[in-house]
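Novice:
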Amino acid sequence: MELQHFGHEHPLEFKSEGMFEEEEKEKLPSYNCYMCRKSISLPAYFCRQCDCTCLHETCAKLADQEILHPMHSAHPLKFTTLAQSLRRCDACWQDFSGFSYSCPKCNLDINTPSYMCTTCSFWIHEECASLPTIKGLEDHDHDHPLTLAYQLPLEFRRYNFECEFCRKVLKPSEWVYYCGRCRYFVHVYCLSIHVRFGSRIDYDHNDADAGPNDLRLPCNDVFDEMIKPVMEKRMKEELKLLPEIKHFSHSHPLILSSTQPVENEKDTEEMLCDGCIQPISTPYYTCAECKYMLHLTCANFSPERLYHVCCYGHLLTLKKFRNELGMPYQNPFNCVIFSFGKQMVYKLHKQHILWHARSYRQSPSMHCHACREEITSSNAYYRCRCGFFLHQWCATLPGAVKHRWDKHPILLMHPPFSDHSDELYCEVCEDEIHPKTWIYHCRECDQSFHPRCIPRLGKDGNVKFGSTIQVANHEHPLRSVRKSRYKSSCNGCGTKFNGGKAWEFPSL
1 MELQHFGHEH
11 PLEFKSEGMF
21 EEEEKEKLPS
31 YNCYMCRKSI
41 SLPAYFCRQC
51 DCTCLHETCA
61 KLADQEILHP
71 MHSAHPLKFT
81 TLAQSLRRCD
91 ACWQDFSGFS
101 YSCPKCNLDI
111 NTPSYMCTTC
121 SFWIHEECAS
131 LPTIKGLEDH
141 DHDHPLTLAY
151 QLPLEFRRYN
161 FECEFCRKVL
171 KPSEWVYYCG
181 RCRYFVHVYC
191 LSIHVRFGSR
201 IDYDHNDADA
211 GPNDLRLPCN
221 DVFDEMIKPV
231 MEKRMKEELK
241 LLPEIKHFSH
251 SHPLILSSTQ
261 PVENEKDTEE
271 MLCDGCIQPI
281 STPYYTCAEC
291 KYMLHLTCAN
301 FSPERLYHVC
311 CYGHLLTLKK
321 FRNELGMPYQ
331 NPFNCVIFSF
341 GKQMVYKLHK
351 QHILWHARSY
361 RQSPSMHCHA
371 CREEITSSNA
381 YYRCRCGFFL
391 HQWCATLPGA
401 VKHRWDKHPI
411 LLMHPPFSDH
421 SDELYCEVCE
431 DEIHPKTWIY
441 HCRECDQSFH
451 PRCIPRLGKD
461 GNVKFGSTIQ
471 VANHEHPLRS
481 VRKSRYKSSC
491 NGCGTKFNGG
501 KAWEFPSL
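By the count of UniProt numbering, the sequence shown reaches residue 508 at its end, each step adding exactly one.
(1) Would you report the Cα separation of glycine 136 and tyrosine 150, rounded to the nearest angstrom?
(2) In whole angstroms, what separates the C-alpha of arginine 479 from that of lysine 464?
(3) Closest to glycine 399 by C-alpha separation, out of Asn220, Thr119 and Gly499, would be which residue?
(4) State the Cα-Cα distance for the pair glutamate 423 and proline 435, rounded to the nearest angstrom.
(5) Between glutamate 66 and threonine 118, how many whole angstroms is the CB-CB distance? I'm expecting something under 8 Å.
(6) Would you identify the three-state DSSP class for phenylalanine 6, choosing helix, strand or coil?
(7) When you compare the stretch 290-304 with the stretch 486-494, are there three or more beta-carbon pairs, one atom per stretch, that lie closer than 8 Å?
(8) Looking at the unbroken alpha helix (DSSP H) that takes in threonine 58, where does it start and where does it end?
(9) Quick one: grab the DSSP three-state call for residue 510.
(10) Can you tell which of Ile469, Glu430, Lys407 and Asp460 has the C-alpha that lies nearest to the C-alpha of cysteine 445?
(11) Histidine 5 and leucine 55 - do their beta-carbons sit closer together than 8 Å?
(12) Which same chain residues end up closer than 6 Å to methionine 1 when comparing Cβ atoms and leaving out the 5 residues on each side of it in sequence?
(13) Within the same chain, show all residues whose beta-carbon is closer than 8 Å to that of aspartate 204, passing over the 5 residues directly before and after it, in chain order.
(14) Can you give me the C-alpha to C-alpha distance between proline 253 and histidine 295, rounded to a whole angstrom?
(15) Where does the unbroken beta strand (DSSP E) through glutamate 504 begin, and where does it stop?
(16) Can you tell me the Cα-Cα spacing of glycine 461 and proline 145, whole angstroms?
(17) Work out the CA separation of arginine 157 and asparagine 323 for me, nearest whole Å.
(18) Let me confirm a value: threonine 376 is counted as buried when at least 16 other C-beta atoms fall within 10 Å, else exposed. Which label applies?
(19) Put cysteine 106 into one of helix, strand or coil per three-state DSSP.
(20) Can you tell me which of the three DSSP states valine 428 falls into?
(21) When we look at the beta-carbon of threonine 133 and count the other beta-carbons within 10 Å, is it buried (16 or more) or exposed?
(22) So glutamate 270 packs on proline 283, CB below 8 Å; how close in whole Å?
(23) Taking 7 Å as the limit between beta carbons, can you name the residues of its chain near arginine 485, skipping five residues before and five after?
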């Protein structure tokens with residue numbers, strides 16, 4: 001029995017198991033059906049003129065099939081062969097050639113094997129056409145079932161959501177599996193690869209593999225848990241508890257104190273160490289004439305010159321300097337610790353060790369997992385071989401902070417925010433918060449904040465406000481403030497401050 005199949009130029013001969021010699025049967029496993037690409041099994045069709053050209057009997061019957069698919073219900077899809085040019089499946093967006101279900105009127109393709117629309121150009125793989133509408137991820141990091149969507153749902157299109165597997169931004173026309181509650185999205189193709197070859201993450205590292213010098217983040221107290229241990233390891237001598245010292249960073253003597261400083265009700269800033277710009281803790285050194293303070297460890301940190309990963313081959317000198325308004329701009333220690341520990345374990349991604357790196361060329365695929373912003377050539381960051389990236393600043397965000405607007409500790413939270421499905425707005429800037437970015441949140445008061453909007457963590461996080469200076473043209477000392485008085489102007493140049501940082505005479 002012969003068959004003239006539309007997918008091959010020569011007639012095909014039907015053969016069953018009894019029509020082959022034993023020697024010929026042994027070669028059959030090496031033959032593949034030219035339609036489904038799978039190993040040939042009998043009975044099947046074979047070409048006499050072309051070596052190894054064969055076709056499953058079941059695949060041959062697909063030539064007369066048409067199907068209706070919910071994604072393209074306007075027209076039936078017909079099984080057909082593709083033209084010489086490469087086509088793309090309209091479901092998974094993967095290129096293919098060969099056989100397909102297609103709708104020529106709609107220019108739609110679904111192939112290998114696939115369904116085609118006889119009226120338009122819609123095509124779809126047979127595998128894609130048979131996808132379940134509900135899918136679970138038993139061996140992955142998401143507990144809820146995923147729903148199949150033939151395009152990105154409208155309510156999620158105002159954000160740039162990424163596929164959780166390949167990290168690429170989703171296109172509105174792409175098929176996805178998603179969990180609306182958690183804002184979790186996966187490409188159909190990426191999920192199929194995951195099902196075939198296992199999890200995208202190789203769980204061969206864990207917290208136990210981290211070395212003694214590796215950082216473990218996040219931490220609730222940046223100084224006690226991160227800065228202090230690293231500095232003490234670098235010290236050549238033990239901490240000295242002298243009643244009074246003279247430090248190069250300050251003009252007045254510093255006196256040892258074991259009493260926790262009391263904040264004045266009029267003060268709007270925390271009591272911070274002038275060295276690391278972290279909350280002060282006892283014992284510490286303080287100036288009797290001004291509010292200058294140093295942690296005991298910061299005061300005893302002796303290396304005034306050291307090497308750093310960002311400046312190969314040169315020694316860096318520890319200096320005190322001021323920002324554009326002359327305000328003390330400190331906290332070198334928060335950056336220096338990364339020259340001592342070049343890798344770390346982050347709680348959210350504890351299955352892999354993250355490596356400290358410096359970007360010298362920008363890549364569009366490198367986005368911080370915390371803030372969703374690009375990692376540029378000026379950024380230091382942490383990276384993982386699985387495509388997980390964190391800005392150094394985002395990686396060192398404390399697990400909890402205090403804020404004068406909230407009496408409770410404000411906790412660092414990571415998406416998904418499944419218990420808060422409504423939109424989130426920052427209490428400071430009042431902008432809507434992207435549902436896939438990290439936030440600070442108070443559960444008791446239901447208040448949310450951008451990390452950058454927390455005063456001690458924002459762009460002026462390395463500035464200690466409240467310090468004073470004496471200027472030549474004014475008899476009283478001026479105090480640095482984070483926000484200037486309403487509608488105030490500079491007495492030197494007349495420029496309005498517009499609520500920004502400034503030096504002011506302290507109000508009574």
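Ideal Cβ placement from N, Cα and C applies to all residues, glycine included.
Quick caveat, the model's predicted, so the values are computed rather than measured.
Specialist: The structure says:
(1) Glycine 136 and tyrosine 150: Cα-Cα distance of roughly 17 Å.
(2) Put simply, the backbone Cα of arginine 479 is about 11 Å away from that of lysine 464.
(3) When each option's Cα is compared against that of glycine 399, the closest is Asn220.
(4) Between glutamate 423 and proline 435, the C-alpha separation is close to 8 Å.
(5) Contact holds; Cβ gap of about 7 Å.
(6) Looking at phenylalanine 6 - three-state DSSP - the assignment turns out to be coil, as it is neither helix nor strand.
(7) Verdict: no, contact absent.
(8) Looking at the DSSP string, the run of the alpha helix (DSSP H) that includes threonine 58 is 57-60.
(9) As displayed, the chain neither begins before 1 nor continues past 508, which places residue 510 out of reach and without an answer.
(10) Shortest Cα-Cα distance from cysteine 445 to any of Ile469, Glu430, Lys407 and Asp460 involves Lys407.
(11) Taking a C-beta distance under 8 Å as the contact criterion, leucine 55 and histidine 5 qualify as a contact pair.
(12) Only Phe14 meet the Cβ criterion.
(13) Any answer about aspartate 204 is weak, because its pLDDT of 46 lies below 50 and its placement is not dependable; what the coordinates show is given next. Taken in chain order, the list of residues that qualify is empty.
(14) Between the C-alpha atoms of proline 253 and histidine 295 there is a straight-line separation of about 15 Å.
(15) Unbroken beta strand (DSSP E) run through glutamate 504: 502-504.
(16) If you take the alpha carbons of glycine 461 and proline 145, they lie about 41 Å apart.
(17) For asparagine 323, the pLDDT reaches just 49, beneath the cut-off of 50, and the residue's location in the model is therefore unreliable, although a value from the coordinates is still provided. Going from the Cα of asparagine 323 to the Cα of arginine 157 covers about 41 Å.
(18) Answer is exposed; the Cβ neighbour count stays below 16.
(19) Three-state DSSP puts cysteine 106 in coil, outside helix and strand.
(20) Correct three-state label for valine 428: coil.
(21) Under this definition threonine 133 is an exposed residue.
(22) About 18 Å separates the two Cβ atoms, so there is no contact after all.
(23) Correct list, in chain order: Glu504.
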